[in-house]
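So that you can map any letter, position 225 of the sequence shown is 225 in my numbering, and since no number is skipped, the others follow by simple counting.
Where a beta carbon is used, it is the ideal one built from N, C-alpha and C, also for glycine.
Nothing here was measured: the structure is a model prediction, and the numbers come from that model.
What follows is a short report on a single structure.
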Amino acid sequence: MSQDTKTEVQEFEYKAEMKQLLHLIIHSLYTHPEIFLRELISNASDALNKLRLLKLTNHEILDPDLPLKITIEVDEKNRTFSIEDTGVGMSRVDLIERIGTVASSGTMEFLETLKKEGASFDGDLIGQFGVGFYSVFMVTDEVTIETRHYAPGSQGYRWKSVGEGKFIVEEIDRQQRGTKISFTLKKDAEEFCEVHRIKSIIQRYSNFVNFPIYVGTEQVNTIGALWHRKKDEIKEEELNEFYKFVSNDFHPPLGHLHLNIEGRVNFKALIFIPQSPPLRLFDPEHEKSLHLYSNRVFIQDDCKELVPEYLIFLKGVVDTEDLPLNVSREVTQSSPVTAKIREIITGRVLSFLEDWAKNDPEKYDTFFKNFGRYLKLGINLDPANRDRLLDLLRFESTKTEPGKLTSLREYVARMNGEQKEIYFITGDSRGSLEKNPNLEYFAKNDIEVLLLTDQVDVFTIGSIPEYDGKPLKSIEKADIDIKDRDEDDADSLSDEEVKEVFRVFRETLGGKVEDVIGSKRLVDSAATLVFGKHGLDPHTERMMKLIDKDFSSSKKILEINLRHPLIRNLARLSLARKDEEFVKNSVLHIYEGALLIEDNLTSPEEFVRRMTDIMVRASKIEY
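Quick look at the structure:
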């Protein structure tokens, strides 16, 4: 930032990325402009929570007896708005560094992408990137912050900006600890200076803030620990409102758990399962977990230690008597109390999901489609609950309708008596997998195959060697247990022809493949590529190529269908030593066609040129 030489009033310039962010906020359309109030109240609540913890840990505090509260004043005639808290306040450095800087380096890139895609910056976005304060520029052109830090002897400061490149900071004579934000509303936002409108917004988004919120002299919000009330005393409407408050989600939850645990560890909890996953899946910087309270006193709003990583999507509150009020993040990470709470919550949540899976499969499928990736990762992260998680996994298969899911238990129940293995195939989409030549034998013989199209499946399935005593096998591996098909004498090659076709394929392809063998799995196709015992599957190879552009695929085995007319014709042409160049070109084309199916063809131009030559040769007509 640059600054001028003034001593009383200093002018600062926003960093380039901050200017871009402000431009997006000011000039883009929002579906919920009232979100600015939720964000300002949320920031005020954070400041008050910090102050309360400081008081509990015996810090020296300016005006220690000043009540902790939030006050909002509006003037309909002049369209003015202000919100003031008695929290920790800010120093000069805070104003410059925290208010004038984008919270995270990825924020701009993400918001720019949304803009290009035509997405609106609605309430599900604002506040997720540490820039919630700037949502105020949706409703005003200029903002003033007046603040004083909680430390005795601190100085008061005023911050002012029109949100377009620069802001000023100056010393002021402010007596009271805390922060006041004030501005004049734009003409098209004058609804937000109406008292009844402000009250309705507070009751919708901020009703459960842990401090009194006054509009003028009237307290508007309901302060109360909902999780301390009995289950049958809480209305569904209250649960939905509380969920929206703790999660910043506009939609009601898919379900909730109300826990009151007494024993080796004592705690109460209100835990929610959202309807949909967060915008930035598996992004720890923006993925907030459960709120932690100690004897109803807020400790932190993102206590990831309370749940395993694969349940981080849970929202809600945990309140325990067994942690000290001055608990720190380091304490929660190493505390046996936290570990026990985590164990109990994990078990109860898994039981809750098992009940859905058994008694409300439609709701469970909705849950799994949104959060199944988390459970799949849990297979490797939680060995103690591995078997329970395995039964909660769901996949599409050749015996499910598109979009419908099946469990491993259901798959095993459908297996015929002769089938000893659970079969699967990985790929980008169900449509492409259903056309894969490797499925032909299984389709003809009515053998079910799991269709794995999620990238996470590759890592999950690789860590499940068996289920219920049945090995899991990729149908793209060479060592799967497939019975020999009954031979049709009319379609069979002679021993000499079989020997010749292997010779010409192996000599033509040379080191391009690990081997050439006869296929048991092909019915209608001429050839397919499969993986040897130690080979990767194609989905993993594609992922490796994204990670490392220099990654080279392992050599595969080419399986050829000895009953296919093309293979028979090539065998006989080669044995007759007729048009050897045509035979070799056809062999190369069969091999590259198999590469094309699995999206590994590196020279499409050469493939098309050779295909043209083959068609010219095949279309010659003697007149």
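Distance between beta carbons of residue j and residue i, contact taken as under 8 Å
i    : j    : result
R177 : L62  : 5 Å
C193 : E76  : 5 Å
I557 : D599 : No, I557 and D599 are not in contact; Cβ-Cβ is about 18 Å, not under 8 Å.
K160 : E142 : 7 Å
F250 : L226 : About 19 Å separates the two Cβ atoms, so there is no contact after all.
K477 : F531 : 5 Å
T338 : L311 : Not quite, the Cβ-Cβ distance comes to about 14 Å (not below 8 Å), so this is no contact.
V9   : E164 : The pair is not a contact, with the Cβ atoms about 18 Å apart (cut-off 8 Å).
P67  : T86  : 7 Å
Close beta carbons around residue i, own chain, < 6 Å, minus the five adjacent residues each side
i    : result
Q219 : P212
L562 : L493 and G518
L433 : I425, G427 and L451
S2   : Per-residue confidence for S2 stands at a pLDDT of 40, beneath the threshold of 50, marking its modelled position as unreliable; the derived number appears in the next sentence. These residues qualify, in order along the chain: E13.
L252 : Checking the sequence shown, residue 252 turns out to be Pro, not Leu. Taken in chain order, the residues that qualify are N240.
I201 : E34 and L37
Y243 : P253 and F272
T144 : K160 and S182
L389 : L375, G378 and I379
F505 : V516 and V587
N49  : F298
Identity of the residue in the options nearest residue i by Cα
i    : options                   : result
L405 : L389, R386 and L451       : L451
K376 : I96, R394, G216 and E362  : R394
R386 : I96, T346 and N445        : T346
D46  : A443, G216, Q300 and I261 : Q300
L239 : I261, A269, I547 and T217 : A269
E507 : V449, K584, H149 and L566 : K584
T71  : G316, F313 and K199       : K199
Y423 : T144, D391, L392 and D479 : D479
I597 : L56, I261 and S429        : S429
R52  : I99, K369, R568 and Y150  : Y150
K235 : G403, T86, R568 and H258  : H258
E190 : V215, I168, T217 and V139 : V139
H59  : V88, K69, L68 and N78     : V88
E11  : P64, I168, V162 and L66   : I168
D188 : F442, F137 and L54        : F137
K420 : S552, R503, Y467 and N359 : Y467
R174 : P565, E146, N210 and G403 : E146
G431 : A443, M544, K358 and P402 : P402
L392 : K358, V412 and E418       : K358
N445 : K483, T453 and K470       : K483
I261 : V318, S289 and G224       : V318
L529 : L509, M544 and I547       : L509
T217 : N210, E237, Q203 and V195 : V195
Residues of its chain near residue i, where Cβ-Cβ distance is below 7 Å and the 5 sequence neighbours each way are ignored
i    : result
K620 : none
L601 : E592, L595 and F607
G132 : E39, S42, N43 and I126
S206 : R38, I41, I213, N221 and F245
P636 : The shown model of the chain, from 1 to 623, leaves out residue 636, and the question about it has no answer.
I567 : V501, A526, I560 and N561
Own chain residues within Cβ distance below 8 Å of residue i, not counting five before or after
i    : result
G127 : Confidence at G127 is low in this model, with a pLDDT of 41, below 50, so its placement is unreliable and no value can be given for it.
N626 : Here the chain has residues from 1 to 623 only, and residue 626 is not among them.
K399 : T406, R414 and E448
R342 : E305, L306, V307 and P308
L573 : D579, F582 and V583
L340 : Looking at the sequence shown, residue 340 is not Leu but Lys. Closer than 8 Å at the Cβ level, and outside the excluded window around K340, lie R264 and V265.
S463 : I379 and N380
Any C-beta of chain B under 8 Å from that of residue i
i   : result
P64 : Note that chain B does not occur in the displayed structure, where there is just one protein chain.
Q: Flag this pair as touching only if the stretch 584-592 and the stretch 604-616 have three or more C-beta atom pairs under 8 Å; answer yes or no.
A: yes
Q. Which ranges does the beta strand (DSSP E) cover as unbroken runs of at least 3 residues, wholly within the stretch 163-200, from first to last along the chain?
A. 166-172 and 178-185
(Q) Three Cβ pairs or more, each shorter than 8 Å: is that satisfied between the stretch 338-355 and the stretch 267-274? (A) yes
**Q.** Validate contact between the stretch 78-92 and the stretch 147-161 using beta carbons, cut 8 Å, 3 pairs
**A.** They touch, by the three-pair rule.
(Q) Does the stretch 429-444 come into contact with the stretch 518-528, if we say contact requires no fewer than three beta-carbon pairs (one atom in each stretch) closer than 8 Å? (A) Short answer: they touch.
Q: Decide yes or no for the touch test of the stretch 407-420 against the stretch 498-506: beta carbon pairs closer than 8 Å, at least 3 of them.
A: no
**Q.** Cβ contact check for the stretch 79-90 and the stretch 173-190: 3 or more pairs under 8 Å
**A.** Contact annotation: the stretch 79-90 touches the stretch 173-190, with at least three C-beta pairs closer than 8 Å.
(Q) Quick check: the stretch 447-462 against the stretch 376-385, are at least 3 beta-carbon pairs closer than 8 Å? (A) yes
Q. Are the stretch 231-239 and the stretch 310-322 touching, with three or more C-beta to C-beta distances below 8 Å?
A. no
Q: Enumerate, from N- to C-terminal direction, the unbroken beta strand (DSSP E) stretches of 3 or more residues contained entirely within the stretch 521-596.
A: You should have 527-530 and 557-560.
Q. Where in the stretch 336-399 do unbroken runs of the alpha helix (DSSP H), each at least 4 residues long, occur, reported from the N-terminal end onward?
A. 336-359, 361-381 and 386-392
**Q.** Segment contact flag, the stretch 295-302 with the stretch 357-367, C-beta cutoff 8 Å, min 3 pairs
**A.** no
**Q.** Minimum length 4: unbroken alpha helix (DSSP H) runs contained in the stretch 450-499
**A.** 455-461
Q. Considering only residues of the stretch 210-250, which uninterrupted alpha helix (DSSP H) runs meet the minimum length of 4 residues and lie entirely inside it, listed in chain order?
A. 236-247
Q. In chain order, which alpha helix (DSSP H) runs of at least 4 residues are fully inside the stretch 39-103?
A. 92-97
**Q.** Whole beta strand (DSSP E) elements within the stretch 273-322, 3-residue minimum
**A.** 291-294, 297-300 and 315-320
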